[in-house]
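Trainee:
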Amino acid sequence: MGKWRGTTLSSVVTSNNQSVGKNYEHEVIQYLDTGSITNGKIEGYQEVNIDEAPSRAKRLVKNEDIIYSTVRPIQNSADNLVVSTGFSVIEVNKELANPKFIYYFLSSDETVKILDVIAEASTTTYPSLKPKDIESLDILLPPLKEQKAIAEVLSSLDDKIDLLHRQNKTLEELAQTLFRQWFIEEAKDEWEEKPLSKIANFLNELACQKFPPQNDVDKLPVLNLLSTCKLEVCSTRLYDQYIT
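Under our numbering, the residues of the sequence shown are numbered 48 to 291, in order.
1. Can you tell me whether A166 is helix, strand or coil according to DSSP?
2. Smallest Cα separation from I76: which of Q65, G53 and N127?
3. Tell me, please, whether the region 53–66 touches the region 130–145 by the rule of three or more beta-carbon pairs shorter than 8 angstroms.
4. Once DSSP output is grouped into helix, strand and coil, what is the label at Q194?
5. Please work out which residues of its chain come closer than 7 angstroms, Cβ to Cβ, to S66, disregarding the five sequence neighbours upstream and downstream, and give them in chain order.
6. Which term fits I149, buried or exposed, when burial requires 16 or more other beta carbons within 10 angstroms of its beta carbon?
7. Looking only at its own chain, which residues have a Cβ that is under 8 angstroms from the Cβ of E167, when we skip the five neighbours before and after it?
8. So, helix, strand or coil for V200, using DSSP?
9. Taking the beta strand (DSSP E) that S154 belongs to, which residues open and close that run?
10. Can you have a look at T171 and say buried or exposed, based on whether 16 or more other CB atoms are within 10 angstroms of its CB?
11. How many angstroms separate the CA atom of A247 from the CA atom of Q214?
12. Can you say whether P242 is buried or exposed, counting buried as having 16 or more other CB atoms within 10 angstroms of its CB?
13. K241 lies in the beta strand (DSSP E); which residues open and close that run?
14. Suppose you measure from the CA of L79 to the CA of A196; what does that come to, to the nearest Å?
15. In the DSSP assignment, what are the bridge partners of E138?
16. Suppose the cutoff is 7 angstroms on Cβ atoms and the five residues either side in sequence are ignored; what does the same chain contact list for A198 look like?
17. Drop a sphere of 10 angstroms on the beta-carbon of F226, count the other beta-carbons inside from all chains shown, and report buried for 16 or more, exposed for fewer.
18. Among residues of its own chain, excluding the 5 on either side of S202, which ones have a beta-carbon nearer than 7 angstroms to its beta-carbon?
19. Would you say T54 and L188 are within 8 angstroms of each other, going by their C-beta atoms?
20. Tell me which residue opens and which closes the beta strand (DSSP E) that D112 is part of.
21. Hey, is V200 close to the ligand COA, as in C-beta under 7 angstroms from one of its heavy atoms?
22. Hey, out of K245, S135 and R103, whose CA is closest to I114's CA?
23. Three-state secondary structure (DSSP) at L225?
24. Does DSSP put I161 in a helix, a strand or coil?
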């Protein structure tokens, strides 16, 4: 492994280098504002004609640039992406740093917490960051080859996590579909509607105070259920028929 060197982010990045001008080549743009970001992920772009774009649609983004809001950084791949001035567009000097490595540095919980503190301490009417706040961050940089290797490993893990999230969402939707089909759409005439209090015993959640968890692992959430809740119930025999 090569020697890691300490420096500031400003030695390998620049911010907000390009803006929309009168000679901008695209008539239709993919526009992104800060409201379209959830947990560091792009929820969707707005496709708009450039002459009808919001006044804040100013900053141009190139492939592999990093877009930073006061929430979390994201990376871009569209060639006609224009973003709101609520973002800082960070361009990485690829001769000195790997863009994905810088992205993961900016995405780290430690870095986000530091920038959150800076944003909260800003003198503006709401929390905000300036480009210099990001560029002044201290960073340890390994040699370029090692940066790329580290970024590839992290990117592979991100891909696997995203795949698992999509699989979980698919399974949840399937379970909801089956439940609706079995117990609502195909409900039997002989099934009865009863209050939940008729088929379940309720324990007051305050009793749990007598048995506090000894650690975070043993913690369990407590739900306060109302006895007036209704439940479509069927016989055990019919239920077993569906789940076997």
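Think of the CB as a built atom: it goes at the ideal place given N, C-alpha and C, for glycine as much as any other residue. Since the model is a prediction, treat every value here as computed from it, not as a measurement.
Mentor: To lay it out plainly:
1. Secondary structure of A166 (DSSP, three-state): helix.
2. Residue N127 holds the alpha-carbon nearest to the alpha-carbon of I76 among Q65, G53 and N127.
3. Between the region 53–66 and the region 130–145 there are three or more C-beta pairs closer than 8 angstroms, enough to call the two in contact.
4. Under the three-state reduction of DSSP output, Q194 falls in the helix class.
5. Same-chain partners within the cutoff: K105, R106 and L107.
6. The residue in question, I149, is buried, as its Cβ has 16 or more Cβ neighbours within 10 Å.
7. The residues are P174.
8. Three-state result, V200: helix.
9. Run containing S154: none in the beta strand (DSSP E); it sits in the alpha helix (DSSP H), P146 to S154.
10. With fewer than 16 other Cβ atoms within 10 Å, it is exposed.
11. Our two residues, A247 and Q214, have alpha carbons roughly 33 angstroms apart in a direct line.
12. It is exposed - the Cβ of P242 has fewer than 16 other Cβ atoms within 10 Å.
13. Residues E239 to P242.
14. Approximately 30 angstroms between the Cα atoms of the pair.
15. Looking at the DSSP assignment, E138 forms a beta bridge with T61.
16. Apart from the 5 residues on each side of it in sequence, A198 sits with its Cβ closer than 7 angstroms to the Cβ of N145, K147, F148 and Y151 in its chain, given in chain order.
17. So F226 ends up on the exposed side.
18. Here the set comprises K147.
19. Yes, the Cβ-Cβ distance between T54 and L188 is below 8 angstroms.
20. For D112, no beta strand (DSSP E) run applies, since DSSP gives it neither H nor E.
21. As for the ligand COA, it is missing from this structure, which has no ligand bound.
22. Looking at the Cα atoms, S135 is the closest of the given residues.
23. Residue state, collapsed to three classes: helix.
24. In the structure shown, the three-state DSSP call for I161 is helix.
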